[in-house]
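*Asks:*
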Amino acid sequence: LGLAFYTSSLCAASDAAFHYRDYCIIGAGPSGLQAAYFLQQAGRDYVVFERSHAPGSFFALYPRHRKLISINKRYTGKSNSEFNLRHDWNSLLSHDRRLLFRRYSHDFFPDADTMVRYLEDFASLLKLQVQYNTAIIHVTLEKDEQAWNGHYFLLTDQDRQNYKCSSLLVATGTWVPNVVNFPGSEYVEGYETVSINPEDFAGQTVLILGRGNSAFETAENILGVTNFIHMVSRSRVRLSWATHYVGDLRAINNGLLDTYQLKSLDGLLEGDLEDLAIIKDKKGKLHITLRFYLENRNTSAGIDSITLPQDELDNFATRSPYDRVIRCLGWKFDFSIYNRTLRMMPGKGNKKKYPQIKPSYESRGTRGLFVLGTASHSVDFRKSAGGFIHGFRYTTRAVHRLLENRHHGVPWPSTLYPVTQLTNSIIKRVNEASGLYQMFGVLADIILLRENATAFEYLEEYPVGILAELEMQTGRKAPNGLFVIIMEYGRNFSGADKDVFYYNRAVGEAQHAWQSNFLHPVIYYYKHLPTEREMSLRPPDWPLPRPDAIHHMVEDFLTDWTAPNAHILPLRRFLENCLSTDLRNFFAESCFLFAFTRQKLPPFCQQGYAGMQGLLGSEGLRRHAVEAGLLEDYALTDFSGNRPPRDSHEGSQDQALRDRAIPVRPLQHLVNAKDE
Numbered sequence: 001l002g003l004a005f006y007t008s009s010l011c012a013a014s015d016a017a018f019h020y021r022d023y024c025i026i027g028a029g030p031s032g033l034q035a036a037y038f039l040q041q042a043g044r045d046y047v048v049f050e051r052s053h054a055p056g057s058f059f060a061l062y063p064r065h066r067k068l069i070s071i072n073k074r075y076t077g078k079s080n081s082e083f084n085l086r087h088d089w090n091s092l093l094s095h096d097r098r099l100l101f102r103r104y105s106h107d108f109f110p111d112a113d114t115m116v117r118y119l120e121d122f123a124s125l126l127k128l129q130v131q132y133n134t135a136i137i138h139v140t141l142e143k144d145e146q147a148w149n150g151h152y153f154l155l156t157d158q159d160r161q162n163y164k165c166s167s168l169l170v171a172t173g174t175w176v177p178n179v180v181n182f183p184g185s186e187y188v189e190g191y192e193t194v195s196i197n198p199e200d201f202a203g204q205t206v207l208i209l210g211r212g213n214s215a216f217e218t219a220e221n222i223l224g225v226t227n228f229i230h231m232v233s234r235s236r237v238r239l240s241w242a243t244h245y246v247g248d249l250r251a252i253n254n255g256l257l258d259t260y261q262l263k264s265l266d267g268l269l270e271g272d273l274e275d276l277a278i279i280k281d282k283k284g285k286l287h288i289t290l291r292f293y294l295e296n297r298n299t300s301a302g303i304d305s306i307t308l309p310q311d312e313l314d315n316f317a318t319r320s321p322y323d324r325v326i327r328c329l330g331w332k333f334d335f336s337i338y339n340r341t342l343r344m345m346p347g348k349g350n351k352k353k354y355p356q357i358k359p360s361y362e363s364r365g366t367r368g369l370f371v372l373g374t375a376s377h378s379v380d381f382r383k384s385a386g387g388f389i390h391g392f393r394y395t396t397r398a399v400h401r402l403l404e405n406r407h408h409g410v411p412w413p414s415t416l417y418p419v420t421q422l423t424n425s426i427i428k429r430v431n432e433a434s435g436l437y438q439m440f441g442v443l444a445d446i447i448l449l450r451e452n453a454t455a456f457e458y459l460e461e462y463p464v465g466i467l468a469e470l471e472m473q474t475g476r477k478a479p480n481g482l483f484v485i486i487m488e489y490g491r492n493f494s495g496a497d498k499d500v501f502y503y504n505r506a507v508g509e510a511q512h513a514w515q516s517n518f519l520h521p522v523i524y525y526y527k528h529l530p531t532e533r534e535m536s537l538r539p540p541d542w543p544l545p546r547p548d549a550i551h552h553m554v555e556d557f558l559t560d561w562t563a564p565n566a567h568i569l570p571l572r573r574f575l576e577n578c579l580s581t582d583l584r585n586f587f588a589e590s591c592f593l594f595a596f597t598r599q600k601l602p603p604f605c606q607q608g609y610a611g612m613q614g615l616l617g618s619e620g621l622r623r624h625a626v627e628a629g630l631l632e633d634y635a636l637t638d639f640s641g642n643r644p645p646r647d648s649h650e651g652s653q654d655q656a657l658r659d660r661a662i663p664v665r666p667l668q669h670l671v672n673a674k675d676e
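Take the sequence shown: its letter number 285 is residue 285 in the UniProt record's numbering, and every next letter is one higher.
1) Whole angstroms are fine: how far does the CA of Phe440 sit from the CA of Arg393?
2) Is it true that the segment 129-143 meets the segment 108-118, where meeting means three or more beta-carbon pairs spaced less than 8 angstroms apart?
3) List the endpoints of the continuous beta strand (DSSP E) containing Tyr526.
4) With a threshold of 16 other CB atoms inside 10 Å of the CB of Leu92, please say whether the residue is buried or exposed.
5) Spatial neighbours of Phe639 within its chain, please: CB distance less than 6 angstroms, with the 5 preceding and 5 following residues excluded, ordered by chain position.
6) So, with DSSP's three-state summary, where would you put Arg538?
7) Any idea what DSSP makes of Asn452, helix, strand or coil?
8) Alpha carbon to alpha carbon, what distance is there between Asp323 and Thr307?
9) Could you name the residues that DSSP lists as bridge partners for Phe483?
10) In three-state terms, what does DSSP make of Lys351?
11) Can you check which of these residues, Lys358, Trp89, Glu576 and Gly27, is closest to Ala135 by C-alpha distance?
12) Going by DSSP, what residue range makes up the alpha helix (DSSP H) through Arg622?
13) Considering only residues of the same chain and omitting the five flanking positions on each side of Tyr20, which have a CB-CB separation below 8 angstroms?
14) Pick from Arg623, Phe586, Gly620 and Leu273: whose alpha carbon is nearest that of Gln606?
15) Report the option in Arg429, Arg98, Glu432 and Ala478 whose CA atom is closest to the CA atom of Asn452.
16) Report the three-state DSSP secondary structure of Ala563 (helix, strand or coil).
17) Suppose the cutoff is 8 angstroms on Cβ atoms and the five residues either side in sequence are ignored; what does the same chain contact list for His53 look like?
18) I'd like to know whether the C-beta atoms of Leu519 and Met487 end up nearer to each other than 8 angstroms.
19) Put His19 into one of helix, strand or coil per three-state DSSP.
20) Could you work out which residue in Val48, Asp107 and Val47 is closest to Arg74 when comparing CA atoms only?
21) Any idea if Ser235 is buried or exposed, counting beta-carbon neighbours within 10 angstroms, 16 or more meaning buried?
22) What does the alpha-carbon distance come out to for the pair Phe18 and Ser376?
23) Whole angstroms are fine: how far does the CA of Ala610 sit from the CA of Leu369?
24) Less than 8 angstroms between the beta carbons of Tyr417 and Leu482, yes or no?
25) If you run the structure through DSSP and keep just helix, strand and coil, what is Met345?
26) Classify Glu460 as buried or exposed, calling it buried when 16 or more other Cβ atoms lie within 10 Å of its own Cβ.
27) Among the candidates Leu443, Thr420 and Leu470, whose CA atom is the shortest distance from the CA of Phe456?
28) Near Trp561, what residues of its chain come up, given a Cβ to Cβ distance below 6 angstroms and the 5 sequence neighbours on each side ignored?
29) Kindly give me the distance between the Cβ atoms of residue 735 and Ile446, rounded to whole angstroms, as I take these residues to be in contact under 8 angstroms.
30) Which stretch, first to last residue, makes up the alpha helix (DSSP H) that contains Gly267?
31) Where does the unbroken beta strand (DSSP E) through Lys164 begin, and where does it stop?
32) Under three-state DSSP, which class holds Glu362?
33) Assuming Lys280 is part of the alpha helix (DSSP H), what are its boundary residues?
34) Select from Arg573, Phe592 and Cys591 the residue whose C-alpha is nearest the C-alpha of Leu583.
35) Is DSSP giving Arg324 helix, strand or coil here?
36) Arg646: buried (16+ other C-beta within 10 angstroms of its C-beta) or exposed?
Laid out in structure tokens, this is it:
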């Protein structure tokens, strides 16, 4: 008995030593705060762990030269807040209109310190549960059949405090600098510590390793004071306006391209950094050579005893010595705190800096562990905006909706409409939805058809990578077919080697909409929900499997897809062909005739006229229809033969109806009534 009591006491003490929360979020950067907001709005039990004393600690240091490259477009000519988020790349999603970034900065490219202040206000004004000065140093699993996912996550901080969670949301971003080790790499300065005072580089010759925005940002800062700058990387420069990927080189930082192409001493080189070697001479100058020249040699023996490339090739590009070499190679995810039991593995190839995750943003190795924010960018790396605030604010919301359905039985939000509103619903979303616009090719609106296509459910911004799992992930059923609305660029338009400014690059005619190059809506129709196998066999670079029917809405210079002939009419006819129905709107007069001349009424007449709904006739409405050519100009007469004065009946619908006599008209004329 004593032994049993002692054992039970140890177990109780062990449980008491862990602070339990349903959801634990590691990191109070933008994605961590965004996740916290949604959990708080839903009334869930959560906590955010932040190693620093304030949120957004990454932005307290980076970018080093303090200018963000995320645009802050304060004016769009529109008052629609959802549309305006298409051009606001810094705001997080919330109900509080005070927390729009345009209220914090007037700069098109804001200062990073403003982002820090914004994130502090976001956390404090919304009263998010953030535990500061808490660095999580170890994460492991504890098996338990009673847990949501069959295990708990056990977290330990720097003070050996322990925490237990049912679900773990990792929002730490990528903050560990990428370092390439080669002979002489100890002479290289890192982007994270190099001076940002241009005067420190006056009259110096500089070599920069890397070719991303941090490399060009560094070059831009010292361009006017150096002798010359050389930049070397294994890949060619990729311009964001050509690739349509915001993580590639932005125009704000590309001054070095001007001075290179206009022959002002600066230049770009391609080469594998691991093949390089740096030798320091007695004067402190840094000489670039190749690793194979140093094989079986002692680098400390002096530069005179080492063969340099220019000894064999006298016009070797980097034969001039450098005063400084700066490493600007970006960052990677910190895997060090995760125990092997979590199986947090790096991706492959150019995605190795990110953890492996599913299209649902859940870890491939551990159920219940989700990766948010920049670290989740492997899902859409170099394809969309999931690694940046204006992208992952929407993917974070999608993850929250998946968790709500999985753990709390709350289905994915949807709206039920009659089928007569199908065209209008699509037109509205493609013209204002910011999530579709920013996360093109990744998030899509889903339209689930009801039986006989009399109504539909509209689901917004669902990850298309898990379309086959839609019923399980959303709690919604799709037995009668579905439409998927997504935004896409032209198949062969984007790329580092593409000329995106060529003549006749835009398509203007609806019949050629499938050849559209710029971002435009694409509607996929499936008679049945695609299977996992169909998703795995989809064509290369297609976000979805081959549909039963597909419709491209022709690209628009103003990104305004409301033109009646170019956009709305082709869309409506596509939907009608898919559903074998008539989605036009009709006057009551036409519906009355259809009731006698057709076996099946159009949906508008079924749900409107036959249901005793619609507009009441009036003299003003009749006159408008006559002027628009929708009705013939029959005079209104009453049965007594006396016509009252026009102005005494203008505002009276009842009197107008008493005055009106329905004339006998040719049936064929009525059948061919024009669209409303």
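Note that the Cβ used here is the ideal one computed from N, Cα and C, for glycine as well.
*Replies:* According to the structure shown:
1) The sequence position of residue 393 within the sequence shown is 393, counting from 1. The sequence position of residue 440 within the sequence shown is 440, counting from 1. When rounded, the distance between both Cα atoms is 14 angstroms.
2) no
3) As a working note, residue 526 is residue 526 in the sequence shown. Element bounds for Tyr526: His520 to Tyr526.
4) Numbered from 1 along the sequence shown, position 92 holds the residue referred to as residue 92. Result: buried.
5) Taking the sequence shown and counting its residues from 1, one reaches residue 639 at position 639. Unreliable positioning characterises Phe639 in this predicted model, as indicated by a pLDDT of 42, which lies under 50. The coordinate reading is nonetheless provided below. Contacts found: none.
6) As a working note, residue 538 is residue 538 in the sequence shown. Three-state DSSP puts Arg538 in coil, outside helix and strand.
7) Taking the first residue of the sequence shown as 1, we reach residue 452 at position 452. Correct three-state label for Asn452: helix.
8) As a first step, residue 307 is located in the sequence shown; it is residue number 307 there, counting from the start. As a first step, residue 323 is located in the sequence shown; it is residue number 323 there, counting from the start. Their backbone Cα atoms lie some 20 angstroms apart in a straight line.
9) Against the sequence shown, residue 483 aligns to sequence position 483. Per DSSP, Ile447 and Tyr525.
10) The count along the sequence shown starts at 1 and reaches residue 351 at position 351. Reduced to three states, the DSSP call for Lys351 is helix.
11) Counted from its first residue, the sequence shown places residue 135 at position 135. Looking from the CA of Ala135, the closest CA among Lys358, Trp89, Glu576 and Gly27 belongs to Gly27.
12) Here residue 622 refers to the residue found at position 622 of the sequence shown. First-last of the alpha helix (DSSP H) with Arg622: Glu619 to Glu627.
13) Counting from 1 along the sequence shown, the entry for residue 20 is found at position 20. Contacts found: Tyr163, Lys164 and Cys165.
14) Residue 606 sits at position 606 when you count from the first residue of the sequence shown. Minimum Cα distance to Gln606 is reached at Phe586.
15) Walking along the sequence shown from the start, residue 452 turns up at place 452. Residue Ala478 holds the alpha-carbon nearest to the alpha-carbon of Asn452 among Arg429, Arg98, Glu432 and Ala478.
16) Counting from 1 along the sequence shown, the entry for residue 563 is found at position 563. Residue state, collapsed to three classes: coil.
17) Stepping through the sequence shown from its first residue, residue 53 is reached at position 53. Within the same chain, His53 has close Cβ partners Tyr132 and Asn133.
18) Within the sequence shown, the letter at position 519 stands for residue 519. Within the sequence shown, the letter at position 487 stands for residue 487. Yes, the Cβ-Cβ distance between Leu519 and Met487 is below 8 angstroms.
19) Position 19 of the sequence shown, counted from the first residue, corresponds to residue 19. In the structure shown, His19 sits in a strand (DSSP, three-state: E or B).
20) Numbered from its first residue, the sequence shown carries residue 74 at position 74. Nearest option by C-alpha distance: Asp107.
21) Position 235 of the sequence shown holds residue 235. Ser235 is exposed by the Cβ-count criterion.
22) On the sequence shown, residue 18 is found 18 positions in, with the first residue counted as 1. On the sequence shown, residue 376 is found 376 positions in, with the first residue counted as 1. About 28 angstroms.
23) Taking the sequence shown and counting its residues from 1, one reaches residue 369 at position 369. Taking the sequence shown and counting its residues from 1, one reaches residue 610 at position 610. Whole-angstrom Cα-Cα distance: 52 angstroms.
24) Start at 1 with the first residue of the sequence shown, and residue 417 comes out as number 417. Start at 1 with the first residue of the sequence shown, and residue 482 comes out as number 482. No; because the gap between Cβ atoms is not below 8 angstroms, this pair is not in contact.
25) Along the sequence shown, read from residue 1 onward, the residue named residue 345 stands at position 345. If DSSP states are grouped into helix, strand and coil, Met345 belongs with coil.
26) As a first step, residue 460 must be located in the sequence shown, where it is residue number 460. Buried, since its Cβ has 16 or more Cβ neighbours within 10 Å.
27) Position 456 of the sequence shown holds residue 456. Answer by Cα proximity: Thr420.
28) Here residue 561 corresponds to residue number 561 of the sequence shown, with the count starting at 1. Excluding sequence neighbours, Trp561 sits near Val430, Asn431, Met553 and His567.
29) Here the chain has residues from 1 to 676 only, and residue 735 is not among them.
30) Sequence index remark: in the sequence shown, residue 267 carries index 267 (1-based). No alpha helix (DSSP H) contains Gly267, which is instead part of the beta strand (DSSP E) from Gly267 to Glu270.
31) Taking the first residue of the sequence shown as position 1, residue 164 is located at position 164. Counting along the chain, the beta strand (DSSP E) containing Lys164 begins and ends at Asn162 to Val170.
32) Your numbering for residue 362 matches position 362 in the sequence shown. Residue state, collapsed to three classes: strand.
33) Taking the sequence shown and counting its residues from 1, one reaches residue 280 at position 280. Per DSSP, Lys280 belongs to no alpha helix (DSSP H); it is in the beta strand (DSSP E), Leu276 to Lys280.
34) Locating residue 583 in the sequence shown gives position 583, counting from the first residue. Among Arg573, Phe592 and Cys591, the Cα nearest to that of Leu583 is on Arg573.
35) Within the sequence shown, the letter at position 324 stands for residue 324. Three-state DSSP puts Arg324 in a strand.
36) Numbered from its first residue, the sequence shown carries residue 646 at position 646. In this prediction, Arg646 scores a pLDDT of 46, lower than 50, which makes its location untrustworthy; the coordinate-derived value is nonetheless stated afterwards. It is exposed - the Cβ of Arg646 has fewer than 16 other Cβ atoms within 10 Å.
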